[in-house]
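Worksheet: one structure, shown below.
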Amino acid sequence: MRLIPREEKFFQYFLQQSQLIVEASTTLREAMERGSGALREAEIAISRLEQKCDDIAHEIFTRLNQTFITPLDPEDIHSLGSHLDDVMDGIEEAAHKIVAYRIDPVPPPMIELTKLIEGCASSLHKAFEALNGNAPMLDHLIEVNRFEGKADHLTRATVAELFNNGGEPIVIFKLKEIYDCLESTTDYCEDVADALQNVVVKNS
């Protein structure tokens, strides 16, 4: 009988969360490319993926409270689980706003931002695969930072152009809110990358 529980499943939970995020980001990007007619269906699919991600996060926190010996510092496990959940929430919120605000047609910069989110998601999943296999992950984390930087510059330039070109204030407000939401999602991805970098430093 094991008197001191040691839970090794946390790595698998992170992989599951990051895979769901990849699926959600791809779903959003593909729907944006197909046009507004595909976005309602995508919103429903992403909502289901978000619920699965929430369930995994809940399982992480529950097991964390029940486990005495963990493969990583408990605070790092909590941080990774929370930040991953933030990424999924950001994708779901963006999908909801695009549908609710009836954005049609979808502007090219908006599509480009979803591609950058998908790039972040893919790099994060590769980083968690590396973590699970005890392999180097720095290159993947650098990629996340690169995608986030591109998203930041694109959002600033696009929002500035919105205001400079004029137009209906309500339309500008809707578009800006969605751009900010998409860019914030890449920030959440960078938060995950920073948390992973912290794990690397602590365990090097």
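Residue numbering for the sequence shown follows the numbering used here, beginning at 80 and increasing consecutively.
Where a beta carbon is used, it is the ideal one built from N, C-alpha and C, also for glycine.
Predicted model only: the values in this text are computed from it and were never measured.
Closest Cα partner of residue i within the set the options
i       : options                            : result
Leu-118 : Leu-128, Arg-127, Leu-107          : Leu-107
Glu-138 : Ser-161, Lys-205, Arg-127          : Ser-161
Ile-100 : Asn-211, Leu-203, Arg-113          : Leu-203
Leu-94  : Pro-153, Phe-147, Asp-164, Ala-124 : Asp-164
Ser-158 : Ser-283, Asn-277, Lys-88           : Asn-277
Ile-156 : Pro-215, Gln-91, Ile-123, Arg-113  : Gln-91
Glu-359 : Pro-248, Ile-125, Glu-112          : One cannot answer for residue 359 here, as it falls past the ends of the chain, which runs 80 to 283.
Inter-residue Cα distance where the pair is residue i and residue j
i       : j       : result
Lys-253 : Gln-98  : 30 angstroms
Asn-109 : Glu-102 : Residue 109 is actually Glu in this sequence, not Asn. Each residue's alpha carbon lies about 11 angstroms from the other.
Thr-234 : Phe-147 : 44 angstroms
Glu-142 : Ile-182 : The sequence given here places Arg at residue 142; Glu does not occur at that position. So the two alpha carbons sit approximately 41 angstroms from each other.
Val-238 : Thr-149 : 44 angstroms
Glu-129 : Met-167 : 6 angstroms
Ala-206 : Gly-228 : 18 angstroms
Tyr-267 : Val-185 : 23 angstroms
Val-279 : Gly-212 : 13 angstroms
Pro-153 : Leu-217 : 22 angstroms
Close Cβ partners of residue i (< 7 angstroms) along its chain, the five nearest in sequence each way excluded
i       : result
Ala-121 : Thr-106, Leu-107, Ala-110, Ala-174
Leu-220 : Ala-206, Ala-272, Leu-275, Gln-276
Cβ shell of residue i (< 8 angstroms), same chain only, five flanking positions each side left out
i       : result
Leu-192 : Ala-230, Leu-233, Thr-234, Tyr-258, Leu-261, Glu-262, Thr-265
- Message: Between the stretch 191-199 and the stretch 264-278, can you find at least three pairs of beta-carbon atoms closer than 8 angstroms?
- Response: Because the criterion of three Cβ pairs below 8 angstroms is met, the stretch 264-278 and the stretch 191-199 touch.
- Query: What alpha helix (DSSP H) runs, 4 residues minimum, are completely inside the stretch 123-161?
  - Reply: As far as the stretch 123-161 is concerned, it has no whole alpha helix (DSSP H) run of at least 4 residues.
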